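Protein chains in written order, with our numbering: chain A, 1447 to 1700; chain B, 391 to 721. Just so you know, even glycine gets a beta-carbon here, dropped at the ideal spot from N, CA and C. Predicted, not measured: the structure shown is a model, and the values here were computed from it. Below is one structure; the comments refer to it alone.
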């Protein structure tokens, strides 16, 4: 087995009395689409936060591409090739879609202490940004102010921005949250294409999408990994059915 | 950005033409008060434009920007008092000191956000204000008269009021153009992105602090230049030039004129300072039939009229004067 691209070892985070991450061990080899599922409050967002550098763990290590990144600030992790999308859409609402993605490109095009040339006319920034927009199917919407885009388009734009940083790995935090069925189908198609080239860690509530896309699935309950394996194994796992899937079905039935 | 022949651009062009022709008008009519007023307007417009770089584009509401006017002004005043009258020494030194203060103040205050940022910039400005009050060697509370304006070895004679006005106007236009380039450059995109969504900026890989700090220093340095010019204009520096109400005036100018554009604060500065001159006279004239002799005093309360105007701008015309001009095109 090749060295994993992302390796989480003994990651623990407490908030007061609540253990949000309980000795999490997880390895994602290059090329895998690894999904993390779990009921609400399972600590998925806390885990993502520790991977991106927004939350400091109490114990444990995170290694990415051979570097120990446990203590690295968020922007340096991005520089190593670990890009993320946000669960709650986090965009530059007063910029156009293209401006948003171009900023992401700019972040990886050297320092930005350049004071004179019009950044909106630099093909070095605009061309890769257009390409990333086209990949997520937003090519026609490049010049629309982001505040005027639909929710589904915001989610696609999130992915385009993560892509534009030229990442080796994507951390996608509920990319399908709040999407209509049609938009979800489009997003699944986009992700399926992306997984050809990129390693992806996907946190998602949409079970249909998770089982359609994931190579492996890790199930988190109360901050602890209760199962990890191929989709079929997870589907058959009794603990998982009890902790999560049953509840999910009950919710969808209701 | 394409250059439309909109009402707003026509207004801007007309304004610049009018500013360029002010000295001509003054020479024809002999009204040199107007030249002095507009020199002051141009200088404070530069300060307002510099404040708007961090406030309007960077989302950093500095409530202590007048401090840099004071620092720039005092640098000139103190050097002149000590016998150093060469502008080639005074000016670079004044700008360097302004930049240094902005660097220190920015490095500390940019770690805070929102109201705390406003308060900490105000606190620093107050500290500098009281240092000015305490400088007994340089006049303390009473201020310091500058007997010779900055000397440029016969190159430009700042004592010639027309020359000085054109120098100020030229520097203002250079500042406006420079800031316009800046806010549209890569650096500008980072600053504006950090205002819009700083968390996301960090997530896509920008160390935002150093860019915001650099922007803060650029803004403070330009404001310091305004202080250099103001000291030369009034031939006098005193702590009053960096009183906190002056910082408030600068914010009002930017809001009134429109924070969304580089040129907005220029409109705002002109409107504010013209109101300051004209409103007292208007109030006195209008009030005379009702108040009799008391009307002369009513003019002192011109801000009673300015206040509601500002309120209307904030409530109904967020883009300020500039925003109103821009929307006229569609009307």
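| At a CB-CB cut-off below 8 Å, which residues of chain B make contact with residue 1530/A? | 593
| Residues of chain E with a CB under 9 Å from the CB of residue 680/B: which are they? | No chain E is present in this structure, whose protein chains are A and B.
| task | Output yes if chain B places a C-beta closer than 8 Å to the C-beta of residue 1697/A; else output no. | result | Confidence is the limiting factor: at residue 1697/A the pLDDT is only 45, short of 50, which leaves the residue's position unreliable, though a coordinate-based value still follows. Residue 1697/A does not count as touching chain B.
| Going by beta carbon distance, what residues of the same chain come within less than 6 Å of residue 539/B, once the five residues before and after it are set aside? | 548, 549, 622
| said: Relative to the C-alpha of residue 1592/A, which candidate in 496/B, 553/B, 529/B, 587/B has its C-alpha closest? | reply: 587/B
| field | Contacting positions in the segment 1557–1570 of chain A - beta carbon closer than 7 Å to chain B | value | If the cut-off is 7 Å between Cβ atoms, the segment 1557–1570 of chain A has 1558, 1559, 1560, 1561, 1562, 1563, 1564, 1565, 1566 near chain B.
| Beta-carbon contacts of residue 583/B that lie in its chain and below 6 Å, excluding the five residues immediately before and after | Within the same chain, residue 583/B has close Cβ partners 591.
| query | What does DSSP give as the partner residues of residue 1665/A in its beta bridges? | reply | 1483/A, 1673/A
| request: Scan the segment 1543–1557 of chain A for residues whose Cβ lies nearer than 7 Å to a Cβ of chain B and list them as they occur along the chain. | output: 1549, 1550, 1552, 1553, 1554
| CB-CB length for residue 637/B against residue 491/B, believed under 8 Å | With 8 Å as the limit, residue 637/B and residue 491/B do not qualify as a contact, their Cβ atoms being about 14 Å apart.
| field | Cut-off 7 Å between Cβ atoms - residues of its own chain near residue 1501/A, not counting five sequence neighbours on either side | value | 1459, 1492, 1495
| query | In its own chain, which residues sit with a C-beta less than 6 Å from the C-beta of residue 1626/A, not counting the 5 before and 5 after it? | reply | none
| Contact with chain A by residue 545/B, beta-carbon distance below 8 Å | no
| task | Can you grab the Cα-Cα spacing for the pair residue 525/B / residue 467/B, in whole Å? | result | About 12 Å.
| Buried versus exposed call for residue 1559/A [16 or more other C-beta atoms within 10 Å across all chains shown] | exposed
| Any Cβ of chain A within less than 8 Å of the Cβ of residue 610/B? | no
| request: Determine the chain A residues that contact residue 580/B at a beta-carbon separation under 7 Å, and present them in chain order. | output: 1558
| said: For the segment 1623–1640 of chain A, list every residue whose C-beta sits within 7 Å of some C-beta in chain B, in sequence order. | reply: none
| message | Excluding the 5 residues flanking residue 1514/A on each side, which residues of the same chain have their C-beta closer than 8 Å to its C-beta? | response | 1507, 1508
| query | Among the residues of its own chain, which have a CB less than 6 Å from the CB of residue 619/B, if the five just before and after it don't count? | reply | 433, 558
| query | Just reading off the alpha helix (DSSP H) that residue 384/B is part of, what are its end residues? | reply | Absent from the model: residue 384/B. The displayed extent of chain B is 391 to 721, so no value can be given.
| message | Rounded to the nearest angstrom, what separates residue 1453/A and residue 495/B at their Cα positions? | response | Rounded to whole angstroms, residue 1453/A to residue 495/B spans 41 Å at the Cα level.
| message | Considering only the alpha carbon of each residue, which of 1631/A, 1666/A, 1569/A lies closest to residue 1659/A? | response | 1631/A
| Taking Cβ-Cβ distances shorter than 7 Å, what residues in chain A pair up with residue 572/B? | 1561
| query | Quick one, which of 1562/A, 1648/A, 1457/A has its alpha-carbon nearest residue 1505/A's? | reply | Closest option to residue 1505/A, Cα to Cα, is 1457/A.
| query | So, residue 423/B versus residue 412/B, is the Cβ gap smaller than 8 Å? | reply | No, they are not a contact pair.
| Near-chain A residues of the segment 491–523 of chain B (beta-carbon distance less than 7 Å), N- to C-terminal order | none
| message | For residue 1597/A and residue 1623/A, I'd like the C-alpha separation in whole angstroms. | response | 10 Å
| task | State yes or no: is the beta carbon of residue 1615/A nearer than 8 Å to at least one beta carbon in chain B? | result | no
| Assigned secondary structure, residue 1467/A (DSSP; H/G/I helix, E/B strand, else coil) | strand
| What three-state label does DSSP hand residue 1459/A in the structure shown? | The three-state reading of DSSP puts residue 1459/A in strand, counting E and B together.
| Taking only beta-carbon atoms, is residue 1510/A less than 8 Å away from chain B? | Chain B contact via Cβ: absent.
| Between residue 705/B and the rest of its own chain, which residues show a CB-CB distance below 6 Å, the 5 nearest in sequence each way excluded? | none
| request: Indicate the three-state DSSP secondary structure (helix, strand or coil) for residue 532/B in the structure shown. | output: helix
| request: Taking only the alpha-carbon atoms, compute the straight-line gap between residue 1699/A and residue 507/B and give it to the nearest angstrom. | output: Note on residue 1699/A: pLDDT 41, under 50, position unreliable in the model; no value is reported.
| So which residues on chain B does residue 1584/A lean against when the C-beta distance must stay under 8 Å? | Correct list: empty, because the minimum Cβ distance to chain B is about 17 Å.
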